[in-house]
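Asker:
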Amino acid sequence: MDDDELIAAVAAGDDAGLRELFTRHAPWLAARLRGVLPAAEVEDVLQETFLAVWRGAGGYRPGGPGSAGGWVWGIARRQAALFLRRRGKAELLLAAVDVPGRQAADPAETAVIRAELADAVSALGPAGSPNREAWRLMYVEDRTVAEVAELTGVPEGTVKSRAHRARRQLRAALRRREPAQDGGGR
Amino acid sequence: MTGRDEMAGDHDSLAGRGPGPGDVDLDRVWLGVAAQVWRRDPGPAERAAARLLRSPGLARALVTTPSLLAGWLIATAVVLLAGLFATLGTGTPYVPLLAPAVAAAGIAYAYGPGIDPAWELSRSMAVSDRIVLLARTLAVFAVNAALGLAAAAAGAAAVPNAAAVTFGWLVPMTAVCALALAAATLAQSASAGVAAGVAGWVIVVLAGQSASGRLTAVITDAGLVLPYLAFAAVCAAIAWAATRVPRGT
Amino acid sequence: MNVEINDLTRRFGRNRAVDGVSLRAGAGVFGLLGPNGAGKTTLLRMMATVIPPSSGTLRLLGRDPGSYGPRREIRRRVGYLPQNLGYYPGFTVAEFVEYFALLKDMPPREVPRAVAAAVEQVGLGGRARSRMRTLSGGMLRRAGIAQAIVNQPEVLLLDEPTAGLDPEQRVSFRALLRDLGERATVIVSTHLVEDVGAACGEVALMDAGKIVFHGTPDELTARGEGTGAAGDAPLERGYSAVLAAARSATAVRS
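Residue numbers (our numbering), protein chains in the order written: chain A, 123 to 308; chain B, 15 to 263; chain C, 4 to 257.
1. Using the Cα positions of A/MET123 and A/ARG177, report the straight-line distance between them to the nearest angstrom.
2. Touching or not, the stretch 89–99 of chain C and the stretch 164–173 of chain C, by the rule of three or more beta carbon pairs under 8 Å?
3. Measure the C-alpha to C-alpha separation of C/SER58 and C/ASP235 and round it to an integer number of angstroms.
4. Please list the partners that B/GLY46 has in chain A, where partner means a Cβ-to-Cβ separation under 7 Å.
5. Contact criterion: CB-CB distance below 8 Å. Does C/GLU269 meet it with respect to chain B?
6. For the beta strand (DSSP E) that C/TYR83 lies in, which residues bound it at each end?
7. Using 8 Å as the threshold, is the C-beta distance between C/LEU63 and C/SER192 below it?
8. Leaving out five residues on either side along the sequence, give the residues of the same chain with a beta carbon under 7 Å from the beta carbon of C/GLN150.
9. How would you write the range of the alpha helix (DSSP H) that B/LEU161 sits in, first residue to last?
10. So which residues on chain A does B/VAL51 lean against when the C-beta distance must stay under 8 Å?
11. From the DSSP output, in three-state form, read off A/VAL221 for me.
12. Using a C-beta cutoff of 8 Å, does B/LEU138 count as contacting chain C?
13. Could you check whether C/LYS43 and C/MET209 sit closer than 8 Å to each other, using their CB atoms as the reference points?
14. With distances taken Cα to Cα, identify the nearest neighbour of B/LEU94 among B/ALA115, B/LEU76, B/THR79, B/ALA75.
15. Tell me which residues share the same chain as C/ARG134 and place their Cβ nearer than 8 Å to its Cβ, disregarding the 5 neighbours each side in the sequence.
16. For the stretch 111–132 of chain C, enumerate the residues whose C-beta is nearer than 9 Å to any C-beta of chain A, in chain order.
17. Taking the Cβ atom as the reference point for each residue, do C/ALA232 and C/ALA244 lie within a distance shorter than 8 Å?
18. Can you say whether C/GLY18 is buried or exposed, counting buried as having 16 or more other CB atoms within 10 angstroms of its CB?
19. Could you name each continuous beta strand (DSSP E) segment of 3 residues or more that falls completely within the stretch 181–221 of chain C, going from the start of the chain to the end?
20. Which of the three DSSP states, helix, strand or coil, is assigned to C/PHE15?
21. Name, please, each residue of chain B whose Cβ falls closer than 9 Å to the Cβ of C/ARG75.
22. When you compare only the Cα positions, how much space is there between C/GLY29 and A/ALA202?
23. Of all the options C/HIS194, C/GLU228, C/GLN124, C/ALA131, which has the alpha carbon lying nearest to the alpha carbon of C/ASP182?
24. Does DSSP put C/THR230 in a helix, in a strand, or in coil?
25. What are the residues of the stretch 49–76 of chain B that lie near chain C, defined by any Cβ-Cβ distance shorter than 9 Å?
26. If we ignore side chains and look at the alpha-carbon of each, how far apart do C/ASP67 and C/PRO73 end up?
27. Does the beta carbon of C/GLY34 sit closer than 8 Å to a beta carbon anywhere in chain B?
28. To the nearest whole angstrom, what separates the beta carbons of C/THR219 and C/GLY204, a pair I think is in contact under 8 Å?
29. Identify which residue in B/GLY207, B/LEU163, B/VAL216, B/ALA231 has its Cα closest to the Cα of B/LEU98.
30. Kindly say whether B/VAL232, judged by its beta-carbon, lies nearer than 8 Å to any beta-carbon of chain A.
31. Any Cβ of chain C within less than 8 Å of the Cβ of B/ALA132?
32. Could you tell me the distance, in whole angstroms, from the CA atom of B/THR90 to the CA atom of C/GLY37?
33. Residues of chain B with CB closer than 7 Å to the CB of C/THR52, please, in chain order.
34. Using DSSP with H/G/I as helix, E/B as strand and the rest coil, what is B/ARG54?
35. Kindly indicate which residue of B/ILE233, B/LEU240, B/VAL47, B/LEU193 has the alpha-carbon position closest to the one of B/ALA119.
36. What first and last residue would you give for the beta strand (DSSP E) that runs through C/ASP162?
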């Protein structure tokens, strides 16, 4: 069965279909999430993702090759954001930051990465400063540009450029692999 | 977890296969998903029973009693309704005459190897099969009594001697149910229980009719109350003895 | 020692189904071999606290199952797969395992995950919500194993667990036994000698209610060497040799 058929089966209540979907998709989803989250959190998010797949399979509309994968990834991203919103670990999700080679192999390294991220985010400015706030709302809480514009009271174009600047600064800070000084970003 | 239908002794875990990251335990994740997808969510009745009885296992055993499942209850209600309409039509109180037999069948089918295929296994459980039997018997009796009372009360207006007939059958019903239970546990067969209960009741009713000319004699005769209860007690004792752990000789 | 049995006897009328059996078992896989009618099932039923002994002592997990409280506590920590399992046709596999998990007094919050683990461990993950009436004989047996292991028992009693399993499944099952035997006492009663050799660290052979051999599979094999006893494999020859010796000794005595 192909992915579209599997999802249709799951929508009809076939749990064996869900198991097959898990076998096919969980590994790459885990790898993608692992780039930005520690292993334990990846496990929790992945579990919530597939429970959401189970409950929401009826809402899937087939759209050609790869659309199933995209649909599942969309769910995973939303679950990751929801998870972080609940847990408040705002500093950790870097879904938009493409920094190669960031997979941690053991808890000690994870802790180091967390520390680096915390420091790097502080390079965006004090908490509440425009770029940092834009970053937090858009990439950590996964809100749309329109939502952020409304929440912060600025035009959408401004939101987009702040987010862009924040991403650039973070990337630079992480590549330097040293804590950025405070009072940087604007 | 394996993609194929085999047992997991071979350490064939998803986490070690494919492109997944090595430190994410995908098997564990799947178990978390499966736990939520496969579970049977206890309904409000089961949850209430679990709190009341302080035993989730006993509550689950109760709600899975064959004679408390929807199909059986509906059939019981249909029989009693038929009796009710017959009563309204003819003035003969059919509900009190039917209810004991129906209840006896329900009691027989609450129990035992005749209806419990996993009999041996049930006898090795922490929530013992005797406790399950007791709880199920009481529940079936209570449900049948409630349904019977409702039907009898609805038809009471059409019948002479309404009060005695509406309630008086509860005592014979206890005796008949106890008889069915004793027969089922002794013979280790639900069918034996139904047969004994129904046949016993029919015999008693007909005997009462031939002795006094009235079909309802066995229900309304107050002098029979003590004998009924004594008989019920004896049958209950037989059932209790029949379900004890078999002694070595 | 999870299981301590001393001079245990069980009579049915005048027949001694189990006759003066003694054994002690700790963690590991313990095989119980013997022909039909040897008393293996009766012995297992006593260990499962389904029937009491006629005489002798039985201690499980350090407790005496003769009284209600200890018996209930033992039953929470034991898993049992009877020879004749029976099943509820309308239940799904998961419901079946869940039912017995609850009857073993498992805390309800732990039950769903334990059920999922047990069902996956026996390879029924793809059939978890299938009704039991749709399962083959081998699958039903595996569902029975799942309910036995769901509460992670310290004593696991399996009566002919491989009945109905195909050879490939029997191999996976032996691997599962080895895993389980790492922490628990697993007692497997079987008339299939090769199952024993591959999985068990210790073996007892029963005949006519008595234990006629107790040792390792290698020792049993050694008993068959050079005797010309029947059997395709060394372990089977040991089995036949011991049985023959026991029966001729009985014949001589009587």
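Positions of the beta carbon are idealized from the N, C-alpha and C atoms, including for glycine.
Answerer: Put simply:
1. Indexing the first sequence from 1 puts residue 123 of chain A at position 1. Indexing the first sequence from 1 puts residue 177 of chain A at position 55. When the Cα atoms are used, A/MET123 and A/ARG177 turn out to be separated by approximately 20 Å.
2. Judged by Cβ distances under 8 Å, the stretch 89–99 of chain C makes no contact with the stretch 164–173 of chain C, as fewer than three pairs qualify.
3. Position 55 of the third sequence, counted from the first residue, corresponds to residue 58 of chain C. Position 232 of the third sequence, counted from the first residue, corresponds to residue 235 of chain C. Answer to the nearest angstrom: the Cα atoms are 39 Å apart.
4. As a first step, residue 46 of chain B must be located in the second sequence, where it is residue number 32. Going along chain A in sequence order, the residues near B/GLY46 (Cβ under 7 Å) are GLN169.
5. One cannot answer for residue 269 of chain C here, as it falls past the ends of chain C, which runs 4 to 257.
6. Within the third sequence, the letter at position 80 stands for residue 83 of chain C. For C/TYR83, the enclosing beta strand (DSSP E) stretches over residues 81–84.
7. As a working mapping, residue 63 of chain C is identified with position 60 in the third sequence. As a working mapping, residue 192 of chain C is identified with position 189 in the third sequence. Contact flag unset, no.
8. Residue mapping note: residue 150 of chain C aligns to position 147 of the third sequence, counting from 1. If we look at C/GLN150 and ignore the five residues flanking it on each side, its Cβ neighbours are PHE99, VAL100, PHE103.
9. Taking the second sequence and counting its residues from 1, the one referred to as residue 161 of chain B is at position 147. For B/LEU161, the uninterrupted alpha helix (DSSP H) run begins and ends at 143–169, by DSSP.
10. For this step, residue 51 of chain B is matched to residue 37 along the second sequence. In chain order: ASP137, LEU140, LEU173, TRP176.
11. Numbered from 1 along the first sequence, position 99 holds the residue referred to as residue 221 of chain A. Summary for A/VAL221: the model assigns pLDDT 43, below 50, so the residue's position carries little reliability, and this model does not support an answer.
12. Looking up residue 138 of chain B in the second sequence gives position 124. For clarity, residue 138 of chain B is Ser in the given sequence; the question names Leu instead. Output row for B/SER138: interface = yes.
13. As a working note, residue 209 of chain C is residue 206 in the third sequence. As a working note, residue 43 of chain C is residue 40 in the third sequence. Taking a C-beta distance under 8 Å as the contact criterion, C/MET209 and C/LYS43 qualify as a contact pair.
14. Here residue 94 of chain B refers to the residue found at position 80 when the second sequence is read from its first residue. Here the closest residue by C-alpha is B/ALA115.
15. Here residue 134 of chain C refers to the residue found at position 131 when the third sequence is read from its first residue. Only PRO92, GLY93, PHE94, THR95 meet the Cβ criterion.
16. Going along the stretch 111–132 of chain C in chain order, one finds GLY128, GLY129, ARG130, ALA131, ARG132 with a Cβ nearer than 9 Å to chain A.
17. Residue 232 of chain C sits at position 229 when you count from the first residue of the third sequence. Residue 244 of chain C sits at position 241 when you count from the first residue of the third sequence. It is a contact, given that the beta carbons lie within the stated cut-off.
18. The residue labelled residue 18 of chain C in the question sits at position 15 within the third sequence. Contrary to the premise, residue 18 of chain C reads as Asn rather than Gly in this sequence. Answer is exposed; the Cβ neighbour count stays below 16.
19. Runs found: 188–193, 205–210, 213–218.
20. For this step, residue 15 of chain C is matched to residue 12 along the third sequence. Here C/PHE15 sits in strand by DSSP.
21. Residue 75 of chain C sits at position 72 when you count from the first residue of the third sequence. Residues of chain B passing the Cβ test: ALA140, VAL141, SER142.
22. Against the third sequence, residue 29 of chain C aligns to sequence position 26. Against the first sequence, residue 202 of chain A aligns to sequence position 80. Distance between the alpha carbons of C/GLY29 and A/ALA202: 46 Å.
23. On the third sequence, position 179 is the one that residue 182 of chain C refers to. When each option's Cα is compared against that of C/ASP182, the closest is C/GLN124.
24. On the third sequence, position 227 is the one that residue 230 of chain C refers to. C/THR230: coil per DSSP, three-state reduction.
25. ALA49, GLN50, VAL51, TRP52, ARG53, ARG54, PRO56, ALA64, SER69, PRO70, GLY71, LEU72, ALA73, ARG74, ALA75: these are the residues of the stretch 49–76 of chain B whose beta carbon lies less than 9 Å from some beta carbon of chain C, given in chain order.
26. Reading the third sequence from its first residue, position 64 is the one you call residue 67 of chain C. Reading the third sequence from its first residue, position 70 is the one you call residue 73 of chain C. Cα to Cα, the separation comes out at about 6 Å.
27. Within the third sequence, residue 34 of chain C is the residue found at index 31, counting from 1. False, the Cβ-Cβ gap to chain B never drops below 8 Å.
28. Position 216 of the third sequence, counting from 1, holds the residue named residue 219 of chain C. Position 201 of the third sequence, counting from 1, holds the residue named residue 204 of chain C. Correct: roughly 7 Å between the Cβ atoms.
29. Indexing the second sequence from 1 puts residue 98 of chain B at position 84. Taking each of B/GLY207, B/LEU163, B/VAL216, B/ALA231 in turn and checking the Cα distance to B/LEU98, the smallest one comes out for B/LEU163.
30. Counting from 1 along the second sequence, the entry for residue 232 of chain B is found at position 218. It does not: the Cβ of B/VAL232 has no partner Cβ on chain A nearer than 8 Å.
31. To locate residue 132 of chain B, count along the second sequence from 1; it is residue 118. With 8 Å as the cut-off, B/ALA132 counts as an interface residue toward chain C.
32. On the second sequence, position 76 is the one that residue 90 of chain B refers to. On the third sequence, position 34 is the one that residue 37 of chain C refers to. Just so you know, the alpha carbons of B/THR90 and C/GLY37 end up roughly 50 Å apart.
33. Within the third sequence, residue 52 of chain C is the residue found at index 49, counting from 1. Within chain B, the residues near C/THR52 are SER138.
34. In the second sequence, counting from the first residue as 1, residue 54 of chain B sits at position 40. Under the three-state reduction of DSSP output, B/ARG54 falls in the coil class, being neither helix nor strand.
35. Here the question's residue 119 of chain B lines up with position 105 in the second sequence. The residue among B/ILE233, B/LEU240, B/VAL47, B/LEU193 with its C-alpha nearest the C-alpha of B/ALA119 is B/LEU193.
36. Counting from 1 along the third sequence, the entry for residue 162 of chain C is found at position 159. According to the DSSP assignment, C/ASP162 belongs to the beta strand (DSSP E) that extends over 158–162.
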